[in-house]
Amino acid sequence: MNSMAGRQILNAIHTDQRIILTNAASLTGSTALTSLLGFIYWWAAARTFPPTEVGFASAAISAMTFLGTFGVLGMGTYLMGILPCTSGSPSRILRTSLLFVSISGTLAGALFLVSIPVFFPQMSRLIAAPLSALLWAAGAGVTSVSLTLDDALIGLLQGRVQLMRSAVFAFSKLLLLFTFAAASWNTDGGWIITAWISGALISLLAVKLWFHPGSEVLCSHPPQHPRILPGFRYALQHHALNLALLLPGSLFPLMITTRLSAAHNAYFYAAWMIAAATFVPASALTTVLFPVGVRNTARIKTELRLTIKLSLLLGCMSCLALLFLSDPLLSFFGSAYAREAAACLRILGLAVFPVALRLHFVALSRIHGQVGQAALVVTAGALLELVCGMLGVHYAGLPGLAWAWLLALLLQSGPMLYFSRFKLAR
Numbered sequence: 078m079n080s081m082a083g084r085q086i087l088n089a090i091h092t093d094q095r096i097i098l099t100n101a102a103s104l105t106g107s108t109a110l111t112s113l114l115g116f117i118y119w120w121a122a123a124r125t126f127p128p129t130e131v132g133f134a135s136a137a138i139s140a141m142t143f144l145g146t147f148g149v150l151g152m153g154t155y156l157m158g159i160l161p162c163t164s165g166s167p168s169r170i171l172r173t174s175l176l177f178v179s180i181s182g183t184l185a186g187a188l189f190l191v192s193i194p195v196f197f198p199q200m201s202r203l204i205a206a207p208l209s210a211l212l213w214a215a216g217a218g219v220t221s222v223s224l225t226l227d228d229a230l231i232g233l234l235q236g237r238v239q240l241m242r243s244a245v246f247a248f249s250k251l252l253l254l255f256t257f258a259a260a261s262w263n264t265d266g267g268w269i270i271t272a273w274i275s276g277a278l279i280s281l282l283a284v285k286l287w288f289h290p291g292s293e294v295l296c297s298h299p300p301q302h303p304r305i306l307p308g309f310r311y312a313l314q315h316h317a318l319n320l321a322l323l324l325p326g327s328l329f330p331l332m333i334t335t336r337l338s339a340a341h342n343a344y345f346y347a348a349w350m351i352a353a354a355t356f357v358p359a360s361a362l363t364t365v366l367f368p369v370g371v372r373n374t375a376r377i378k379t380e381l382r383l384t385i386k387l388s389l390l391l392g393c394m395s396c397l398a399l400l401f402l403s404d405p406l407l408s409f410f411g412s413a414y415a416r417e418a419a420a421c422l423r424i425l426g427l428a429v430f431p432v433a434l435r436l437h438f439v440a441l442s443r444i445h446g447q448v449g450q451a452a453l454v455v456t457a458g459a460l461l462e463l464v465c466g467m468l469g470v471h472y473a474g475l476p477g478l479a480w481a482w483l484l485a486l487l488l489q490s491g492p493m494l495y496f497s498r499f500k501l502a503r
C-alpha cells in the first residue's frame with residue numbers, strides 16, 4: 078500500500094511539473110509571437126501611413142493599453158488564484174469578473190477622453206468624432222477583458238488557449254491592417270487603431286467559440302455578483318503589487334529623457350526591450366507556479382525547485398548570449414544604438430538572476446495569501462530602484478543607470494530570499 082501511494086504521489090508531482098512546463102512554454106510562446114507580429118504590425122503601418130498618423134495611432138494605442146491595464150484592478154491575478162480552487166463550474170465568477178473589468182476599463186478610457194482638452198490637447202483628434210471616441214473608450218474596456226481572460230486561462234491551466242487567443246489577436250489585427258491599407262480608403266491613423274481593437278474582439282470571440290468544448294467556463298450563465306465583491310479588496314492588493322513591479326520600467330524612460338536626452342532614451346529603450354525578453358521565461362514559470370501552488374501547497378517545494386533550476390539555467394544562457402550578441406542585436410536599430418547602449422545591455426542582462434528571485438518571492442507571497450505584505454516590500458524596492466537609477470544616470474549616464482538598477486535589485490534579494498525561506502518553512 079505504501080509503495081502504491083508513493084507511486085501515486087510521484088505521478089501527481091510529475092503531472093504538476095508537466096503542467097508548469099507546458100503552460101509556461103505557452104506563455105513564453107505567446108509573448109514571443111505577439112512581439113514578433115507586433116513588430117511587423119508597426120512596420121507595415123509605417124510603410125503604409127504617414128509618420129504623423131503612425132505617431133498619433135501609436136500614442137493612442139499606448140494610452141488605451143495603459144488604461145486597459147489599469148482597469149483590470151488586479152482582478153486577473155485574483156482569478157488566477159481562486160479559479161483552481163473553485164468547486165463546480167467557474168463560469169459565473171469569471172463572467173462577473175469580465176463584466177466588471179469591461180466597465181472599469183471603459184470608464185477609465187472615458188475619463189481620459191474627458192481630460193484631453195485640459196491635459197492632453199495633442200490627442201484632441203480622439204474626441205473629434207463621437208464614434209471614434211466611443212470606439213477608443215470601448216477599446217480600453219476590451220483590453221481589460223483580454224488581459225483578465227489571459228490570467229484566468231492560466232489559472233485554469235489552459236495556457237494553450239491563451240496562446241491561441243494571442244495568436245488570433247496578432248494575426249487578425251495584422252490582416253485587418255493590410256486590408257484597410259489595400260482598400261486605400263484614406264491614410265487616417267484611425268484605421269490603425271480600428272484594426273487593433275477589432276483584432277482584440279475577434280480573439281475574444283475565438284476563445285468563446287473554441288475554448289475547452291467539454292467545459293462550461295464561458296457558457297451563458299448569468300454573472301455571479303456575491304462571490305466577486307468580497308474578493309475585491311484582495312484583488313486591489315494584487316493590483317498594487319502588479320503596479321509596483323511595473324513602476325521602475327515605466328519611469329526610467331522619463332528619467333533618462335529629462336536627465337540626458339530623448340536620443341539617449343531611444344538607445345536605452347532598445348536595450349531595455351532586449352533585456353526584458355530574457356526575463357520572460359522566469360516570469361512565465363512563476364506565473365504558472367501561482368495557480369499550481371494554490372491547488373496543493375504541500376508540493377510547492379518540489380515545483381519551486383523545478384522553476385528555480387530552469388530560471389537559473391535559462392538566465393545563464395541569456396547572459397552568455399548577450400555577452401556576444403549585444404552589439405549585433407542593437408545594430409539592428411542602428412549603429413548609434415550599438416555604440417551607446419551595448420554596455421548598458423550587457424549589464425541589464427545580469428539582472429535576470431535577481432529578477433527571477435523577486436518573481437519567485439512574489440509567486441510564493443500570492444500562494445500563501447500575503448499579497449499586501451509583498452506589495453509593501455516590492456513598492457519599497459521599486460522606490461529604491463528609482464532613487465539608485467536617478468543617481469546612476471546623473472553621474473554615469475546609461476551604464477550608470479544599469480549598474481545602479483542592478484545594485485538596487487541585489488540589495489532587495491537578501492530580504493526577499495529570507496522571507497521566501499520563511500514562507501516555505503511554514
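Everything in the sequence shown is counted per the numbering used here, starting at 78 for the first residue and increasing by one. For each residue, glycine too, the CB sits at the ideal point set by N, CA and C. Keep in mind it's a predicted model, so treat the numbers as computed, not measured.
Excluding residues up to 5 positions away in sequence, E462, G466 lie with their Cβ nearer than 6 Å to the Cβ of W482 in the same chain. For the 8 Å CB-CB criterion, S395 and V429 form a contact.
Between the alpha carbons of L286 and I279 lies a distance of about 11 Å. With 16 or more other Cβ atoms inside 10 Å of its own Cβ, P358 counts as buried. In this structure L175 does not touch L211 by the C-beta definition: roughly 20 Å separates them, more than the 8 Å allowed. Annotation: G426 to I231 spans about 27 Å, alpha carbon to alpha carbon.
Residue burial is scored here from C-beta neighbours: P405 has fewer than 16 other C-beta atoms within 10 angstroms and is therefore classed as exposed. Ranking A348, M141, H445 by CA distance to the CA of A479 puts A348 first. In this model, M141 and W119 are separated by some 16 Å (Cα to Cα). The DSSP-derived three-state label of Q447 is coil. Annotated three-state conformation of D228 is helix, per DSSP.
Straight through space, the alpha carbons of G474 and T146 are spaced by roughly 31 Å. Around the beta carbon of K250, a 10 Å sphere encloses 16 or more other beta carbons of the protein chains shown; the residue is thus reported as buried. A direct Cα-Cα distance of roughly 12 Å separates A317 from Y155.
With contacts defined by Cβ atoms closer than 8 Å, V195 and V222 do not form a contacting pair.
Shortest Cα-Cα distance from L160 to any of R310, L234, A206, A137 involves L234.
Take the alpha-carbon of F133 and the one of L323: they are about 24 Å apart. Going by DSSP, F133 is part of the alpha helix (DSSP H) stretching over 128 to 148. Here the alpha carbons of A277 and A102 stand approximately 22 Å from one another. Between S181 and G148, the beta carbon gap of about 4 Å places them in contact (Cβ cut-off 8 Å). If you check the CB distance, A418 and L254 do not come in under 8 Å. The residue among T379, A415, A361, Q489 with its C-alpha nearest the C-alpha of A343 is A415. Remark: C-beta atoms of L441 and S490 do not approach each other more closely than 8 Å.
The continuous alpha helix (DSSP H) containing S174 extends over residues 168 to 196.
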